[in-house]
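For reference, the structure is listed below as structure tokens.
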Amino acid sequence: FPENTIFAYEQSLDLGGDVVDIDVQMTADGVPIAFHDHTLERTTNGTGRVAATPYDEIAQLDAGWQFERDGVRPFRGQGLVVPTVEAVLQQFPTTLTTLDLKDQRVAVVGPVCDVLRRLGRTVDVYVGIDTNEQVLAFREQCPEVRTSGTDDERQAMRTARESGDTTFTTKQLVSQPRHIDDDGSLRITEETLAFSHSHDIAVLTYLVDDPAMMETLIRPGVDGLYTRRPDVMVAVRADIEAELQPEHGDEQHD
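Numbering (this note's numbering) for the sequence shown: 1 to 254.
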């Protein structure tokens, strides 16, 4: 479905997903919106930079314009718009949510923090951040919200894990590593998950659409998968849970 639209989130949840993942850019007038790219062309019928365009203009664009399925574009003219982050959070007020700050300007931190506080969503929203500057600014302005770690924190965690350092502590409560390394090896294993969980760090990984890989990650206890196929993920998880249930007649009774 057309990414970062309320319609797509609704469909994903109906298919069995349980978390909304919002890419975040900020408009020229300081409005955080659900949008991935720095420019408008790939997903809408608009042109230009998001950061140079006010939201009232972006709100008029067709967010389903470029989406293609089986050689056709079924969502053109269907009323799909680019929503604000606030609108998405209001639409799903009790759904766990991740915000992925694609706009890496420190100026984005304040408006995002304001939205989370205004809506009372500082507890059930996690903010994924790629720059040290944004991590530190977010912790200063919105210390009650969970964020990604800094580069130093991620390196310290890797070092502690490799050395077996039992005294390791960190402010990073969520880790978002890729599941596959550059050489094709699996980065998330039973051992790495055990280390993270022993330090109260949740592990979320991306982008996993293959059912075999889903099973490889779910079995040792990964905390979350970012996927474009929540229906497949739900089926894989159900199969694993059914396998782990005791067969009828095998239950132990006192």
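Cβ coordinates follow ideal geometry from the N, Cα and C atoms, glycine included.
| query | result |
| --- | --- |
| Out of curiosity, what's the CA-to-CA distance linking S12 and L136? | 32 Å |
| Would you mind sorting L186 into buried or exposed? The rule is 16 or more other CB atoms within 10 Å of its CB. | exposed |
| Note the first and the last residue of the continuous alpha helix (DSSP H) segment covering D23. | That residue, D23, is in no alpha helix (DSSP H); its beta strand (DSSP E) goes 19 to 26. |
| For a test of the three-state rule: what should DSSP assign to S175, helix, strand or coil? | strand |
| Straight-line CA distance for P2 to P143? | 33 Å |
| Does the structure place the segment 100 to 115 close enough to the segment 31 to 42 that three or more beta carbon pairs sit under 8 Å? | yes |
| Leaving out the 5 sequence neighbours to the left and right, which residues in its chain are closer than 8 Å to T170 when beta-carbon positions are compared? | G149, E153, A156, M157, H199, I201 |
| When the Cα atoms are used, what is the spatial distance from L119 to F138? | 17 Å |
| Residues bridged to R146 by DSSP? | Y126 |
| Report yes if the CB atom of L80 is closer than 9 Å to the CB atom of D62, and no otherwise. | yes |
| What number of angstroms, rounded off, separates the C-alpha of H38 from the C-alpha of F7? | 22 Å |
| By DSSP, does T216 sit in helix, in strand, or in coil? | helix |
| Helix, strand or coil: how does DSSP classify L225 here? | strand |
| Leaving aside the five residues before and after D23 along the sequence, list all residues of the same chain whose C-beta is less than 7 Å from its C-beta, in chain order. | N4, A34, F35, H36, D100, K102 |
| Compute the beta-carbon to beta-carbon distance between Y226 and V203, rounded to the nearest angstrom, for a pair I have assumed lies under 8 Å. | So it is not a contact: roughly 12 Å between Cβ atoms. |
| Return helix, strand or coil for L108, following the three-state DSSP convention. | It is Val, not Leu, that sits at residue 108 in the sequence shown. Reduced to three states, the DSSP call for V108 is helix. |
| Quick check on the burial criterion: 16 or more other C-beta atoms within 10 angstroms. Buried or exposed for I240? | exposed |
| According to DSSP, is I180 part of a helix, a strand, or is it coil? | strand |
| Do G46 and I58 have their C-beta atoms closer together than 9 Å? | yes |
| For the alpha helix (DSSP H) that contains I305, what are its first and last residues? | There is simply no residue 305 to check, as the chain begins at 1 and stops at 254 in what is shown. |
| By how many angstroms is the C-alpha of H197 removed from the C-alpha of S175? | 10 Å |
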